[in-house]
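Number of protein chains: 4
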Amino acid sequence: MSLLEDLAASYRVLAAHDIIDGYGHVSVRSDRDPKRYFISRSLAPELVTEDDIMEFDLDSNPIDQRGREMYRERYIHGEIYKARPEVMAVVHNHSPSIIPFGATAAPLKPIFHMAAFVGEGIPNFEIRKVQKGTNLLVETPKLGKALAVTLGKKPAALMRGHGSVTVGQDLARAVGRAIYLEANAKLQMQAMLIAGSRGKINFLDTAEVKASAPVQNYGRAWNLWRRKGLALLKGDGS
Amino acid sequence: MSLLEDLAASYRVLAAHDIIDGYGHVSVRSDRDPKRYFISRSLAPELVTEDDIMEFDLDSNPIDQRGREMYRERYIHGEIYKARPEVMAVVHNHSPSIIPFGATAAPLKPIFHMAAFVGEGIPNFEIRKVQKGTNLLVETPKLGKALAVTLGKKPAALMRGHGSVTVGQDLARAVGRAIYLEANAKLQMQAMLIAGSRGKINFLDTAEVKASAPVQNYGRAWNLWRRKGLALLKGDGS
Amino acid sequence: MSLLEDLAASYRVLAAHDIIDGYGHVSVRSDRDPKRYFISRSLAPELVTEDDIMEFDLDSNPIDQRGREMYRERYIHGEIYKARPEVMAVVHNHSPSIIPFGATAAPLKPIFHMAAFVGEGIPNFEIRKVQKGTNLLVETPKLGKALAVTLGKKPAALMRGHGSVTVGQDLARAVGRAIYLEANAKLQMQAMLIAGSRGKINFLDTAEVKASAPVQNYGRAWNLWRRKGLALLKGDGS
Amino acid sequence: MSLLEDLAASYRVLAAHDIIDGYGHVSVRSDRDPKRYFISRSLAPELVTEDDIMEFDLDSNPIDQRGREMYRERYIHGEIYKARPEVMAVVHNHSPSIIPFGATAAPLKPIFHMAAFVGEGIPNFEIRKVQKGTNLLVETPKLGKALAVTLGKKPAALMRGHGSVTVGQDLARAVGRAIYLEANAKLQMQAMLIAGSRGKINFLDTAEVKASAPVQNYGRAWNLWRRKGLALLKGDGS
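Protein chains in written order, with the numbering used here: chain W, 1 to 238; chain Z, 1001 to 1238; chain L, 2001 to 2238; chain D, 3001 to 3238.
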């Protein structure tokens, strides 16, 4: 079944791009029932195959658990699908360059066209405002809902002290945004370094964001990523 | 046919050096007709083989399209070939370290002999001066012409919010300049970091640039790159 | 025997993550005798196999040397096992990003949940306070004891001009802490860069550290790492 | 013949560590005649095999050229062997992190024990003081001699706008110093970043350098590197 194969491939693609390591997950809304989503059982991304995919309802209850261990943070996915009917795919990760932005007051801004969606605004989820003294994990429906509220209508949100979440109307966009959010953060950091404290950085302006973000579907890259992900899945022999 | 094989190998070489990822392209002027150039059909660089190469006239109309999808930004190549009769190869990419320089006022300067050509001056293409509210892509003849005007007689130009273009009298030089423009940007960033805001950086001087840039043909590296690119093409099984 | 296989795999895992290069070592306390520990003979980590593992008492005397060369710094391990009965595994390495923190007054702080243990405090071992004019190596019982005193009850210690040591109640934790101590250092460096000299960085607070550090067992990652390490051991053909 | 095999392996090792790319070279003094040295014919390092090694006298004239193209910068090697009878191996490279130090006034200092030799002082060769308007290449006996004078009795020298040279009493030391000079530069850059402009960095002191540098033979790493280099040579099938 093609959607689940694409989902398993997405785990491999994100791992190959160092967006996820032993942790992080990606999900996709069911194409047969918008009140269901698919995500791997609790497993390191590089080990995920199509057989590891489980189905959940939007409260993140498993449809058919069969004793399999589940990601404790699956509420990130379920609550976003609930709040955002048009979102079909969600990525949660700890990609390196976005962590420093979550921990400082420096806002992410769109430095190149591949990440024009950054210009729509990337809110930062401060879990402490919802609950003090957590282990930072979004492991309850309440925390998942709060994250979905912070995300609002945006394509991505940082999560302070933890990572980020990106969403999209298909896997290509959610995965592409995760990859290019990381790239934008890294490049912006370097621009801040060379511009210095008084220096101006010439980001994409509002009109450029509007002309670019909505049409960017990461289609050409997705063809390559998907092919690589499927090759990794086969090489695995699982 | 050797020129097209070299062109396909160049896609692989640039991808292996992380100069291009799912995006970016390289072209070569036809050796039979200076009013024609070769470039891949719209495809991620790592997938390009000799069979994917298409021929275009200098207005970037396909000679024999046969339904193949074309890069929307092929005007970068066509308009530069029109404006610069001695240029035989063009690379367009989003290599990471040059993006921060395109977005700030810090000019690129030649920090080591491998990138002495930087000392000839690297202009920065501000697409907003030509057209406001674009998606940053050079997808019309008008934008291609404007980029060629900004490039002028130089070996490379930055493209604000987007990437860069490098040119040369053969594939070895256009590819080598793309690789070493990226290297120079990265090293210059680090020198700016350790020199600090008041610090002086000792770049190549005018006489050194003049003695070095014109004779640098990246010949020894090209032999290695070409060999690796051809191996990648074969490993691909295409 | 599973413990030694896990230990050999840990050498490969740490090398694959660039935490150790030609140098660095990992040990595990014997599961049969708490007064003994296992560590490789003196060998570059990427070459270590189960057959290279030697057994030592807590004074770091070999049980059965058979002419094999021993790490001169094995006292790091023996003296920590003596001082910390609950510690079952120790990693010593020169991972890149922690060296700059050992050499400056900037304290490491927990920037993301994967390295929450950093919030328990990471002391810095200044060997000069124990002995002047050393070659920086912890190659005597006296220096090993002094390092164990500096470490105290903490999960890790920096070693100025040299590297770091991480400990844990099993290999997964000692290895995981080595990997994520390096990650935290790199991310904190970047946050310091973008926050600037007056800028505030929002680290995990005390309650978050308390909720997260003790329960983090790196279990999901360890399953992946161990599998990769064993694959590397087999590919080696030794 | 073992020495030439080690030399060919050294090319591969340095390329695998990204110390040399398409450029850079390593040589070894003849074990039969101290007035001779061995170096590859002009070739990208990753392609060098034992069959490509040529013999030169200390004026850098080939003993038996047989039409093979020679490195134009071989005078670096010949003139250093002339000036330093105890030096048995020389590496010349453009490794990335040392370039920014060559271009600024910030002196390299020893930040960790693996690069304790940096504490003996790393002079910076300013070719402009010898000859203005060069292409930066040390391609004459005169420039080679001047570089040897700048190097003096030190283990390494930077070359402004170009790269560096490291020497040693055997290949292990010359190669190891090239690898750890690069590492030290990278780490020192990061320490400068986190220490800030007023911040103090705690480098190895004079007594520590004296205790560490002379005994560091990179022996354990060399065993690994050599093994990897030979494997690469065999995989090459040349």
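A virtual CB, placed ideally from N, CA and C, is assigned to each residue, including glycine.
- Counting of Cβ neighbours within 10 angstroms places L:A2207 among the exposed residues, the total staying below 16.
- In the DSSP annotation of this structure, Z:H1113 is not part of any alpha helix (DSSP H), being labelled neither H nor E.
- No Cβ of chain W is located within less than 8 Å of the beta carbon of L:I2099.
- For the region 125 to 139 of chain W, the beta-carbon criterion of a distance under 9 Å to any beta-carbon of chain L is satisfied by E126, I127, R128, K132, G133, T134, N135, L136 and L137.
- Per DSSP, L:E2055 is one residue of the beta strand (DSSP E) stretching across I2053 to D2057.
- If you compare the alpha carbons of W:M192, W:P96 and W:V175 with that of W:A115, the shortest gap goes to W:V175.
- Under the three-state reduction of DSSP output, Z:P1100 falls in the helix class.
- At least one CB of chain L lies nearer than 8 Å to the CB of W:E46.
- Taking C-beta atoms as the reference points, W:A221 and Z:Y1023 count as a pair closer than 8 Å.
- Residue pairing by DSSP puts D:F3125 in a beta bridge opposite D:M3159.
- L:V2028 is not a Cβ neighbour of L:I2076, given a cutoff of 8 Å.
- Taking 8 Å as the threshold, the shortest C-beta distance from Z:R1220 to chain D falls below it.
- Excluding residues up to 5 positions away in sequence, nothing lies with its Cβ nearer than 7 Å to the Cβ of D:D3205 in the same chain.
- With contacts defined by Cβ atoms closer than 8 Å, D:S3097 and D:K3186 form a contacting pair.
- Counting C-beta pairs closer than 8 Å gives three or more between the region 2143 to 2162 of chain L and the region 2098 to 2115 of chain L, which meets the contact rule.
- Beta bridge pairing from DSSP links W:A89 with W:V28 and W:G168.
- Around Z:P1062, no beta-carbon contact reaches into chain W at under 7 Å, the shortest distance being about 18 Å.
- For the pair L:G2235 and L:V2167, the Cα-to-Cα distance works out to about 28 Å.
- Shown here, W:F203 sits in coil according to DSSP, grouped into three states, outside any helix or strand.
- Proximity of chain L to D:V3215 at the Cβ level (cut-off 9 Å) is accounted for by N2135, in chain order.
- Look at D:S3212: its C-beta is under 8 Å from a C-beta on chain L.
- Distances from the CA of Z:P1085 to each of Z:R1066, Z:L1058 and Z:R1074 were compared; the closest alpha carbon is that of Z:L1058.
- Sixteen is the threshold: since fewer than 16 other Cβ atoms of the shown chains lie within 10 Å of the Cβ of Z:Q1131, the residue is exposed.
- Of the candidates D:R3198, D:I3039, D:S3010 and D:V3165, D:I3039 places its Cα closest to the Cα of D:M3070.
- Nearest to D:K3153 by C-alpha distance, out of D:T3134, D:V3118 and D:T3140, is D:V3118.
- Chain D places no beta carbon closer than 8 Å to that of Z:I1020, leaving this residue out of the contacts.
- For D:Y3023, the closest Cβ of chain Z is nearer than 8 Å.
- A residue is called buried once 16 or more other Cβ atoms fall within 10 Å of its Cβ, and L:R2173 is buried on that count.
- Close CB contacts of D:R3074 within its chain, under the 7 Å cut and outside five residues either way in sequence, are with I3039, F3056 and S3060 (chain order).
- Taking 8 Å as the CB threshold, Z:M1192 lines the interface with chain W.
- Taking the beta carbon of D:E3208 as reference, the chain L residues within 9 Å of it are I2127, R2128, K2132, G2133, T2134, N2135, L2136 and G2161, listed in sequence order.
- The criterion of a C-beta distance shorter than 8 Å is satisfied by Z:F1112 and Z:N1184.
- In terms of Cβ geometry, D:A3178 and D:I3053 do not form a close pair [threshold 8 Å].
- The alpha-carbon separation between D:L3047 and Z:V1013 amounts to approximately 16 Å.
- The contact set of L:T2104 on chain D, defined by CB atoms closer than 8 Å, consists of A3191, I3194, A3195, G3199, K3200, I3201 and N3202 in chain order.
- DSSP, reduced to helix, strand and coil, places Z:S1040 within a strand of the structure shown.
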